[in-house]
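Listed in order, the protein sequences are those of chains A and B. If you count by our numbering, then the first sequence holds residues 6 to 254, one letter each, in order. If you count by our numbering, then the second sequence holds residues 27 to 257, one letter each, in order. Beta carbons: idealized from backbone N, C-alpha and C, even for Gly. All values derive from a computational prediction rather than experimental measurement. Structure first, then comments.
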Amino acid sequence: MNQFVDGIRWIFTPANWDTVNFQAGIRSQLLYHIELSAISLLVAAAIAIPVGLLVGHKRRGQFLATSLANIGRAIPSFGLVVLVFIAVGNIWPSLQLSMLPTAVALVLLAIPPILTNTYVGIQNVDPGTVEAARGMGMNERQVLLELEFPLAAPLIMAGLRTSAVTVVATATLAGFVGGGGLGAFLYSGFAQRGQEEILIGGAILVAVLAILTEVTFAGLEKLVTPRTRTRQSRRTRDPFTEPGAVSAA
Amino acid sequence: MIAQELQPPSLWQWVGDHVGDILIRLGQHIELTVIAVVLGFAISLPVSILLYRHVRWYTPITAVAGLLYTIPSLALFILLIPITGLTALSVEVGLISYTLLILIRNTVVGLRGVPDDVKEAAVGMGYTPRQMLWRVELPIAVPAIVAGIRVATVSTIALVTVGFIIGHGALGEFIIDGLNRFFTPEVIVGVVLCVALALTADVLLLGLERALTPWSHTHARPLLPSRTPGR
Numbered sequence: 006m007n008q009f010v011d012g013i014r015w016i017f018t019p020a021n022w023d024t025v026n027f028q029a030g031i032r033s034q035l036l037y038h039i040e041l042s043a044i045s046l047l048v049a050a051a052i053a054i055p056v057g058l059l060v061g062h063k064r065r066g067q068f069l070a071t072s073l074a075n076i077g078r079a080i081p082s083f084g085l086v087v088l089v090f091i092a093v094g095n096i097w098p099s100l101q102l103s104m105l106p107t108a109v110a111l112v113l114l115a116i117p118p119i120l121t122n123t124y125v126g127i128q129n130v131d132p133g134t135v136e137a138a139r140g141m142g143m144n145e146r147q148v149l150l151e152l153e154f155p156l157a158a159p160l161i162m163a164g165l166r167t168s169a170v171t172v173v174a175t176a177t178l179a180g181f182v183g184g185g186g187l188g189a190f191l192y193s194g195f196a197q198r199g200q201e202e203i204l205i206g207g208a209i210l211v212a213v214l215a216i217l218t219e220v221t222f223a224g225l226e227k228l229v230t231p232r233t234r235t236r237q238s239r240r241t242r243d244p245f246t247e248p249g250a251v252s253a254a
Numbered sequence: 027m028i029a030q031e032l033q034p035p036s037l038w039q040w041v042g043d044h045v046g047d048i049l050i051r052l053g054q055h056i057e058l059t060v061i062a063v064v065l066g067f068a069i070s071l072p073v074s075i076l077l078y079r080h081v082r083w084y085t086p087i088t089a090v091a092g093l094l095y096t097i098p099s100l101a102l103f104i105l106l107i108p109i110t111g112l113t114a115l116s117v118e119v120g121l122i123s124y125t126l127l128i129l130i131r132n133t134v135v136g137l138r139g140v141p142d143d144v145k146e147a148a149v150g151m152g153y154t155p156r157q158m159l160w161r162v163e164l165p166i167a168v169p170a171i172v173a174g175i176r177v178a179t180v181s182t183i184a185l186v187t188v189g190f191i192i193g194h195g196a197l198g199e200f201i202i203d204g205l206n207r208f209f210t211p212e213v214i215v216g217v218v219l220c221v222a223l224a225l226t227a228d229v230l231l232l233g234l235e236r237a238l239t240p241w242s243h244t245h246a247r248p249l250l251p252s253r254t255p256g257r
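Here's what the structure looks like:
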């Protein structure tokens, strides 16, 4: 228990926000962590949402979407980060110690949840509603952007939330492949024993950042859920009705 | 001659020289996973039955499980050091805590999915609540429960690798060792075996589900992921 107290004291020591062991302090590593996570999530969303929208609109590619989800879950994120780090080192050695290798791995990890949720969200739109919209003279583009997309928004946000938490968690590994971020504190604690307060303090920071990310995105999800359906919006916050709880039966 | 000896071994050479190590790590990986999923299931089954019967506990309990689920594994394993030390137990405790949300959610979903007319018919036939649970509700919930076990197993197999941080990463040890020595084949062996293990386990569990529910041969749709445990 003393180690937890030491870790918390380490976090609340102002000097540690400037430098730790004569290197980057908590402030700059935290900013690096957030920047890396935000860039990766944005790139992943820019790829996954359009693809999910198109595939979902065509009501095709169910197999692709589910197998992508399954494979995404089976790949150890740590292994992926290390493999991309090695690959970047072979192709562009000068970029190996930049944000790039981890960012590429994070984008790959963040795509499946956003893509499958977008796809499922679009597909779940009642076909009768879609037909009605077509009957009213909406073209395919309007059906997709003005009807299906808004109705799928809560599920798309749920996918973004899943990916955001995964990205923030996995960005920690950047510190193990020569990058920065909060993982750098865990790495120094891992490499040289005897500085437990850095190890524990760093782990607490990582956990708190992940939880704050989850809470923030849960709030965003609530925002995009139409208010007229208050009963339903309450239900979407209940993990029971989250897309992941789709029963296999 | 000397130049040849300095040449790093190829992938297959390395595999040939380390068959013993690979089997040991693979065994550790399977052991960590099986214990985590079995104990996770042993905890979540009674909890799910309780939550199914007492709905008001559902939100608080899943909120706690969700909080555990959100903590990144790297951080959770480290935070367990002061409590359970640099042991396999720390990894195990972390892994079990990640299975809880998935298993509880799926089991409750499965139980809630039992049609009312089926339950009424059972009551009409004189089933006691206990008989109803074991002979009607749980069997009907099997596909959802097994779907939960599949997701929990596959994510646990991927998560075990992070145990390297406290020296119990099983196949993950190959990844960190390969990284530290700049030796790519070792990393590839760790990742490929890990993915192969996850896919094998998934197929085996699908077979288990089919065997347990001979009455329903409609093919089960695999669960879509909503969240992956903190990596």
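For the set 210/A, 166/A and 200/A, the Cα lying nearest the Cα of residue 228/A is the one of 166/A. Residue 90/A is a Cβ neighbour of residue 182/A, given a cutoff of 8 Å.
For the alpha helix (DSSP H) assignment, the uninterrupted runs of no fewer than 4 residues enclosed by the region 39 to 120 of chain A are, from N- to C-terminal side, 67 to 79 and 82 to 96. Closer than 8 Å to the CB of residue 143/B there is not a single CB belonging to chain A.
Against chain A, the CB of residue 175/B has no partner CB under 8 Å away; the residue lies outside that interface. In terms of CA proximity to residue 146/B, 162/B leads the group 135/B, 136/B and 162/B.
The bridge partners DSSP lists for residue 138/A come to none. In the structure shown, residue 24/A adopts extended strand secondary structure according to DSSP, grouped into three states. Chain-order list of chain A residues neighbouring residue 210/B: 91, by C-beta distance under 7 Å.
Close CB contacts of residue 58/A within its chain, under the 7 Å cut and outside five residues either way in sequence, are with 123, 127, 149 and 154 (chain order).
Where residue 45/B is concerned, the enclosing alpha helix (DSSP H) starts and stops at 45 to 79. Taking the C-beta atoms as reference points, residue 130/B is found no nearer than 8 Å to residue 181/B. Contact check for residue 158/A against residue 105/B fails: the beta carbons are separated by 8 Å or more.
Look at residue 196/B here: in three-state DSSP terms it is coil, with no helix or strand label. Close CB contacts of residue 152/A within its chain, under the 6 Å cut and outside five residues either way in sequence, are with 138 (chain order). Within the same chain, 206 come within 6 Å of residue 16/A by CB-CB distance, once the 5 residues on both sides are set aside.
Taking one beta carbon from each stretch, the region 186 to 198 of chain B and the region 210 to 221 of chain B have 3 or more pairs nearer than 8 Å; the two touch. Proximity of chain A to residue 216/B at the Cβ level (cut-off 7 Å) is accounted for by 84, in chain order. For the region 74 to 158 of chain B, the full-length alpha helix (DSSP H) segments reaching 4 residues or more read 84 to 96, 99 to 110, 114 to 138 and 142 to 150 along the chain.
Ranked by Cα distance from residue 169/A, the options 108/A, 135/A and 204/A are led by 108/A. For the pair residue 51/A and residue 201/B, the Cα-to-Cα distance works out to about 30 Å. In chain order, 173, 174, 175, 177, 211, 212 and 215 make up the part of chain A whose C-beta sits under 8 Å from the C-beta of residue 98/B. Taking C-alpha positions only, residue 139/B is separated from residue 167/B by approximately 7 Å.
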